[in-house]
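J.: Residue numbers (our numbering), protein chains in the order written: chain A, 1 to 169; chain B, 1 to 313.
Where is the CB? At the ideal position from N, CA and C, for every residue including glycine.
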Amino acid sequence: MALSSPEHILRPARVSTIALSLAIALFLNFLPWPDMRLAPDFVALVLTFWCVRQPRLVGLGAAWTVGLLVDAGNGVLLGQHALAYSLLAFLSIWLSRRILWFGAILQALHVAIMLAIVQTLVLVVRIAAGDPFPGWEIYISPAVAALLWPMASWLLLMPQRRLEKEQTI
Amino acid sequence: MEHTPPPFFKRGPAPLVRLFFFASLSLALLVLDARFRYADSLRNMLALVAYPLQRGATAPIEFFGAVGTYFSTQAQLVEDNATLRAKTLELAQNAQRYEAAEAETAQLRRLIGATEKIEVKATPAEVLYAGRDPFSHKVFINLGANQGVKPGSPVTDEAGLVGQVTRVHPLISEVTLLTDQDQAIPVQVVRTGLRAVAFGAGPSGMLELRLMAANAEIQNGDRLVTSGIDGTYPAGLPVATVVRIERDAEHSFARVVSKPAGGVDRGRYVLVLSDESARPPRPETTPQGKDRRADKARRARTKDKGKEGDGSQ
Numbered sequence: 001m002a003l004s005s006p007e008h009i010l011r012p013a014r015v016s017t018i019a020l021s022l023a024i025a026l027f028l029n030f031l032p033w034p035d036m037r038l039a040p041d042f043v044a045l046v047l048t049f050w051c052v053r054q055p056r057l058v059g060l061g062a063a064w065t066v067g068l069l070v071d072a073g074n075g076v077l078l079g080q081h082a083l084a085y086s087l088l089a090f091l092s093i094w095l096s097r098r099i100l101w102f103g104a105i106l107q108a109l110h111v112a113i114m115l116a117i118v119q120t121l122v123l124v125v126r127i128a129a130g131d132p133f134p135g136w137e138i139y140i141s142p143a144v145a146a147l148l149w150p151m152a153s154w155l156l157l158m159p160q161r162r163l164e165k166e167q168t169i
Numbered sequence: 001m002e003h004t005p006p007p008f009f010k011r012g013p014a015p016l017v018r019l020f021f022f023a024s025l026s027l028a029l030l031v032l033d034a035r036f037r038y039a040d041s042l043r044n045m046l047a048l049v050a051y052p053l054q055r056g057a058t059a060p061i062e063f064f065g066a067v068g069t070y071f072s073t074q075a076q077l078v079e080d081n082a083t084l085r086a087k088t089l090e091l092a093q094n095a096q097r098y099e100a101a102e103a104e105t106a107q108l109r110r111l112i113g114a115t116e117k118i119e120v121k122a123t124p125a126e127v128l129y130a131g132r133d134p135f136s137h138k139v140f141i142n143l144g145a146n147q148g149v150k151p152g153s154p155v156t157d158e159a160g161l162v163g164q165v166t167r168v169h170p171l172i173s174e175v176t177l178l179t180d181q182d183q184a185i186p187v188q189v190v191r192t193g194l195r196a197v198a199f200g201a202g203p204s205g206m207l208e209l210r211l212m213a214a215n216a217e218i219q220n221g222d223r224l225v226t227s228g229i230d231g232t233y234p235a236g237l238p239v240a241t242v243v244r245i246e247r248d249a250e251h252s253f254a255r256v257v258s259k260p261a262g263g264v265d266r267g268r269y270v271l272v273l274s275d276e277s278a279r280p281p282r283p284e285t286t287p288q289g290k291d292r293r294a295d296k297a298r299r300a301r302t303k304d305k306g307k308e309g310d311g312s313q
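(1) Kindly give me the distance between the Cβ atoms of A261 (chain B) and T232 (chain B), rounded to whole angstroms, as I take these residues to be in contact under 8 angstroms.
(2) Report the neighbours of S170 (chain A) on chain B: residues whose CB is nearer than 7 angstroms to its CB, in chain order.
(3) Within a Cβ cutoff of 6 angstroms, which residues of the same chain sit near Q54 (chain A), ignoring the five residues on either side of it in sequence?
(4) Determine, for G126 (chain A), whether the minimum Cβ-Cβ distance to residues of chain B falls below 8 angstroms.
(5) Find the nearest neighbour of A72 (chain A) within the set B:V31, B:P186 and B:H169, judged by alpha-carbon distance.
(6) Is the segment 111-121 of chain A in contact with the segment 60-76 of chain B, if contact means three or more CB pairs nearer than 8 angstroms?
(7) According to DSSP, is Q160 (chain A) helix, strand or coil?
(8) Check each candidate in B:E79, B:A103, B:A196 and B:A125 and name the one with the smallest Cα separation from R268 (chain B).
(9) Just to confirm, is the Cβ distance from F49 (chain A) to L19 (chain B) under 8 angstroms?
(10) Could you check the C-alpha separation between R97 (chain A) and Q107 (chain A) for me, to the nearest Å?
(11) Got a sec, what are the start and stop residues for the beta strand (DSSP E) I141 (chain B) sits in?
(12) Just to confirm my understanding: we take L88 (chain A), look at its own chain, exclude 5 residues before and 5 after, and list those with CB closer than 7 angstroms. What are they?
(13) Identify, in the order they occur along the chain, each residue of the same chain with its Cβ nearer than 6 angstroms to the Cβ of I140 (chain A), setting aside the five sequence neighbours on each side.
(14) Is the distance from the Cβ of F22 (chain B) to the Cβ of S86 (chain A) below 8 angstroms?
(15) When you compare only the Cα positions, how much space is there between L22 (chain A) and A39 (chain B)?
(16) Would you kindly report the start and end of the unbroken beta strand (DSSP E) that includes V243 (chain B)?
(17) Does DSSP put V120 (chain B) in a helix, a strand or coil?
(18) At least one CB of chain B closer than 8 angstroms to the CB of W94 (chain A): is that the case?
(19) Shorter than 8 angstroms from the beta carbon of Q80 (chain A) to some beta carbon of chain B?
(20) Can you give me the Cβ contacts of S136 (chain B) inside the same chain, cut-off strictly under 6 angstroms, excluding the 5 residues immediately before and after it?
(21) Using three-state DSSP, classify G163 (chain B) as helix, strand or coil.
(22) Strictly below 7 angstroms CB to CB, what residues from chain A border G202 (chain B)?
(23) Check the Cβ of A152 (chain A) against every Cβ in chain B and list those closer than 7 angstroms, keeping chain order.
(24) Decide if I99 (chain A) is buried, meaning its Cβ has at least 16 other Cβ atoms within 10 Å, or exposed.
(25) Hey, which unbroken runs of the alpha helix (DSSP H) at 4 residues or more fall wholly within the segment 22-82 of chain A?
(26) Thinking C-beta only, is V189 (chain B) closer than 8 angstroms to D222 (chain B)?
(27) Please list, in chain order, the chain A residues whose beta carbon lies closer than 8 angstroms to that of L63 (chain B).
(28) Closest Cβ-Cβ distance between Q54 (chain B) and chain A: below 8 angstroms?
(29) So the candidates are A:A128, A:P40 and A:S92; which of them puts its Cα closest to the Cα of R132 (chain B)?
(30) Measuring only from the beta carbon, is V67 (chain B) closer than 7 angstroms to any heavy atom that is part of the ligand MG?
(31) Quick check on I138 (chain A) - is its C-beta less than 8 angstroms from some C-beta in chain B?
(32) Do V270 (chain B) and L149 (chain B) count as a contact pair if the criterion is CB distance below 8 angstroms?
(33) Quick one, which of B:G160, B:E158, B:D157 and B:F140 has its alpha-carbon nearest P151 (chain B)'s?
(34) Check the Cβ-Cβ distances between L20 (chain A) and every residue of chain B, and say whether any is below 8 angstroms.
(35) Between V243 (chain B) and L224 (chain B), what straight-line distance do the alpha-carbon atoms span, to the nearest angstrom?
(36) Is it buried or exposed, L178 (chain B), if we count other Cβ atoms within 10 angstroms and call 16 or more buried?
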């Protein structure tokens, strides 16, 4: 795939781009989705992307902070998403070299597995806190997010891509 | 970016150490929030940060709704007007009768010396969005502590009870719906006056009456209203209609499933009820742990004393 191949030399990522993309992801998460179990977690997707691409700019601290925001905004247990996103950031940073080696479909598969692990962590936390099991449908959301991965990575790399003219110089 | 040293020279703590640090921080917060509710001020602050994004997320839908109403046809408006007028007439008649009945009730209550019924204030609110949490049934409304919403206030719509305000932020509040697993409402069967407690049944969107005797007098189609004996919900709000009763000889309790009357999972406008009347103070709760033991010991001693007193006589 063109994205992961080294023939395009990308511009360095800007912190403002990262912050803006995370804000947009939060916005998408707060949209009134008809069924919350099927809607992908955009924040998790964008966080995974930046942890894989820019492990030195976005790390566990950023993931934890964003997780707290998601918790407060959704009125769930404070720390639930913070814990989940920290684990997600850790997994992404740990596997970042490996993931970038693959094409888009295998990358998406990696992302699906990571998101499913994180979803399981959330499930364990909530069941430990005394909530009932909500059904296996909650694993649809990570799958949908993984399907969106190729498009999301194309969109998120857009600001870093150089114009054709620049590349020929 | 290009001028910083390569990553193998400059590194903070190892990722695993960081993961351990942040995981323990999250777990500490989780315990604080779930067990002790200490984290509420932090939650309020974070909710305020997330508020513009939440409002922004619901704005496009409001916008399209507004555009849609703008282009609604003249004919439809005329028709709506006619139906609404007819409905007003009907309701006005009902209201007249209600007023008369209310006056009569008040008089009768004065006669028997009962306290007068409390006046309930209703504030209209709009549902902003549903909480993104498959484990619970919650929605957020656009009124908060700044508008005078208090935790514990019941929330209804035009058809019946919807839920209860469980958490109040400065600008928005969280409403736990009737169907949430942790939500319980004291209800009364309209037909027989039988009292019960309705619990949310979770994902099915139904209510369940637990601990009903197998021979309780209840049948399909019975309407349930709030009984008002808890002091939280005003009496007589429609709650649900019984749709299924399972009586099993093996269990001593019947399982009664009922369908909420209010638009719990639909509808955008709700009413937050609040009453300003002073209630009698709650009875003292049983002391916990050490105190309870001390209390028991004290009670035993007084009992002994009583016995001694009896013996001497």
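T.: According to the data block:
(1) For a cut-off of 8 angstroms, the C-beta gap from A261 (chain B) to T232 (chain B) is around 18 angstroms, too long to register as a contact.
(2) Because chain A spans 1 through 169 in this model, residue 170 (chain A) falls outside it and cannot be assessed.
(3) A13, listed in sequence order.
(4) First, the amino acid is wrong: residue 126 (chain A) is Arg here, not Gly. R126 (chain A) counts as touching chain B.
(5) If we check each option's Cα against that of A72 (chain A), B:H169 comes out closest.
(6) No, the segment 111-121 of chain A does not touch the segment 60-76 of chain B.
(7) Residue state, collapsed to three classes: helix.
(8) The candidate whose alpha carbon is nearest that of R268 (chain B) is B:A125.
(9) No, they are not a contact pair.
(10) The alpha-carbon of R97 (chain A) is positioned some 11 angstroms away from that of Q107 (chain A).
(11) From DSSP, the beta strand (DSSP E) with I141 (chain B) extends over K138 to I141.
(12) When the five nearest sequence neighbours on each side are left out, the beta carbons in the same chain lying within less than 7 angstroms of the beta carbon of L88 (chain A) are those of A44, L47, T48, A63, M114 and V118, in order along the chain.
(13) Sequence-distant Cβ neighbours of I140 (chain A) in its own chain, meaning closer than 6 angstroms and more than five residues away, are L38.
(14) Contact: yes.
(15) The straight-line gap from Cα to Cα measures roughly 24 angstroms.
(16) Note, V243 (chain B): beta strand (DSSP E), P238 to E246.
(17) Note: V120 (chain B) maps to coil in three-state DSSP.
(18) W94 (chain A) belongs to the set of residues whose beta carbon lies under 8 angstroms from a beta carbon in chain B.
(19) At least one chain B Cβ lies under 8 angstroms of Q80 (chain A).
(20) Hits under 6 angstroms: D180.
(21) Shown here, G163 (chain B) sits in a strand according to DSSP, grouped into three states.
(22) Counting only Cβ-Cβ distances below 7 angstroms, G202 (chain B) has contacts in chain A at P132, in chain order.
(23) What A152 (chain A) touches in chain B: nothing, since even the nearest Cβ is about 18 angstroms away.
(24) It counts as buried.
(25) 42-53 and 60-74, all fully within the segment 22-82 of chain A.
(26) Yes. Within cutoff.
(27) The question names Leu, but residue 63 (chain B) in the sequence shown is Phe. None at all; the shortest Cβ gap to chain A is about 13 angstroms.
(28) Yes, its Cβ sits closer than 8 angstroms to a Cβ of chain A.
(29) Among A:A128, A:P40 and A:S92, the Cα nearest to that of R132 (chain B) belongs to A:P40.
(30) Ligands are entirely absent from the displayed structure, and the ligand MG is therefore not among its contents.
(31) Under the Cβ criterion of 8 angstroms, I138 (chain A) is counted among the residues facing chain B.
(32) According to the sequence as given, residue 149 (chain B) is Val; it is not Leu. Going by C-beta atoms, V149 (chain B) is not nearer than 8 angstroms to V270 (chain B).
(33) That would be B:F140, whose Cα lies nearest to the Cα of P151 (chain B).
(34) It does not: the Cβ of L20 (chain A) has no partner Cβ on chain B nearer than 8 angstroms.
(35) Rounded to whole angstroms, the separation of the alpha carbons of L224 (chain B) and V243 (chain B) is 11 angstroms.
(36) Around the beta carbon of L178 (chain B), 16 or more other beta carbons sit within 10 angstroms, so the residue counts as buried.
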